[in-house]
Every structure is written in structure tokens, then in C-alpha cells.
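Colleague: First the structure, which I've put down as C-alpha cells, then a few questions once you've had a look.
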Amino acid sequence: MRTPFEYIPRLRPEIATVLSGIEKIHADGLTSLEEYLNSYLKRVDNFNDVQSSYSAHLLSTDKARQLNEKTSAIKEALTLVKQLRGDAKVIQERTETEAIDQQELEVAKLQDEINTLESTPAITEEAIEALATVRQSMEAVREEFKNFKWRL
């Protein structure tokens, strides 16, 4: 079973315990293994940092689509508000006034969503490809680590 890169930093105490146990049995010869492990853990930390920095970003195409949907929904809601206001003047029914208020709340909610979408940075295709390349490299290092020759 493979441990996801996000969980590897949590294994540091167990790694230290294992190395300590090995060191008690073989006082010398752990330097290369420790250096390899430390290098691997630093690379995992760097990968996790980069990946987490992109986790809040939206794909630019998704962002554009969502902005268009929200903008269209606002236009529809405003059209309905205008229509309901005209009807309210004619009939003056309370239910229509409540519907207007509901539509105005919907417009405010959608505007908040648009503001959130506009302030969310978009992840580029290049960044996605770079992350995939780094992930593949990390997978290869993990495989190398599995095949590490212990010199005890």
C-alpha cells in the first residue's frame, strides 16, 4: 500500500524510532540512509507546499464558466425583480412583495458568489502539468527508496 505524500510528514516520529533502533544494532553505516531519507522528506515537504498553494485555485475555464452562470442568473433575477415590481404596483399583493425580497436576496447571494469567484486565483494549465511532473518524479523516488540497498 502506498502512503499519500500528504501523510508522509506525519511519519517522521516513526522513522526516527526505526532509525534509532537500527543504529543500536549497527552503530555505523546509517549515514547514507539517513541522508537519503532526509532528502526524500524535504522533497515531500516541498511538493506538499507547492500542491497546497494550488489547492485553492480554480481552473481558469471553470472560473469563467461559473462567472458566466452567476452573471446570467443575476440578469434573470433582476428581470424577474423588475417584472414583480410592476405586478406589485398593479395588484399590491403581499406575496409578490415577498417574492421581490426573495429575488433581491438571491441577487445578493449570487453577487457574493461572483465576488468570491473573482477573488479566487485561477490555476494555469502549465502549473497543473508542472505538478503532475513533480508527482511523477516523487513516485519514481518512492520506487527508488523501495529498492534502496541497505549496507548494514
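Per our numbering, residue 1 is the first one in the sequence shown, and the count goes up by one each step.
By construction, the Cβ of each residue, glycine as well, lies at the ideal position given by its N, Cα and C atoms.
Quantities reported herein were computed from a predicted structural model and do not represent experimental measurements.
1) For residue 5, I'd like the list of residues in its chain whose CB is within less than 7 Å of its CB, leaving aside the five on either flank, ordered along the chain.
2) Determine, for residue 25, whether the minimum Cβ-Cβ distance to residues of chain C falls below 8 Å.
3) From the DSSP output, which residues share a beta bridge with residue 59?
4) Less than 8 Å between the C-beta atoms of residue 117 and residue 63, yes or no?
5) Does DSSP put residue 24 in a helix, in a strand, or in coil?
6) Evaluate contact between the segment 61–79 and the segment 113–127, counting only Cβ atoms and requiring at least three cross-stretch pairs below 8 Å.
7) Between residue 57 and residue 122, how many whole angstroms is the CB-CB distance? I'm expecting something under 8 Å.
8) Among residues of its own chain, excluding the 5 on either side of residue 30, which ones have a beta-carbon nearer than 7 Å to its beta-carbon?
9) Measure how close the beta-carbons of residue 103 and residue 77 come, nearest whole angstrom, since I'm counting them as under 8 Å.
10) According to DSSP, is residue 92 helix, strand or coil?
11) Just checking my contact of residue 40 with residue 141 at CB under 8 Å: how many whole Å lie between their CB atoms?
12) Once you ignore the five residues that flank residue 67 on each side, which residues in its own chain have a CB closer than 6 Å to its CB?
Modeller: Checking against the coordinates, here is how it stands:
1) For the purposes of this step, residue 5 is taken as residue 5 along the sequence shown, with counting starting at 1. Hits under 7 Å: 44, 47, 48, 138.
2) This model lacks chain C altogether; it includes just one protein chain.
3) Looking up residue 59 in the sequence shown gives position 59. For residue 59, which the question treats as bridged, DSSP gives the partners 123.
4) Taking the first residue of the sequence shown as 1, we reach residue 117 at position 117. Taking the first residue of the sequence shown as 1, we reach residue 63 at position 63. Yes, the Cβ-Cβ distance between residue 117 and residue 63 is below 8 Å.
5) The sequence position of residue 24 within the sequence shown is 24, counting from 1. Reduced to three states, the DSSP call for residue 24 is helix.
6) Yes, the segment 61–79 touches the segment 113–127.
7) Your numbering for residue 57 matches position 57 in the sequence shown. Your numbering for residue 122 matches position 122 in the sequence shown. Their Cβ separation, rounded to whole angstroms, is 6 Å, which keeps residue 57 and residue 122 in contact under 8 Å.
8) For the purposes of this step, residue 30 is taken as the residue at position 30 of the sequence shown. Once the five neighbours on either side are set aside, the close Cβ partners of residue 30 are 19, 22, 23.
9) Sequence index remark: in the sequence shown, residue 103 carries index 103 (1-based). Sequence index remark: in the sequence shown, residue 77 carries index 77 (1-based). Cβ atoms of residue 103 and residue 77 come within 8 Å of each other, at about 5 Å.
10) Locating residue 92 in the sequence shown gives position 92, counting from the first residue. In this structure, residue 92 counts as coil in the three-state DSSP scheme.
11) Here the question's residue 40 lines up with position 40 in the sequence shown. Here the question's residue 141 lines up with position 141 in the sequence shown. Their Cβ separation, rounded to whole angstroms, is 6 Å, which keeps residue 40 and residue 141 in contact under 8 Å.
12) Translated into positions along the sequence shown, residue 67 becomes position 67. The residues are 117.
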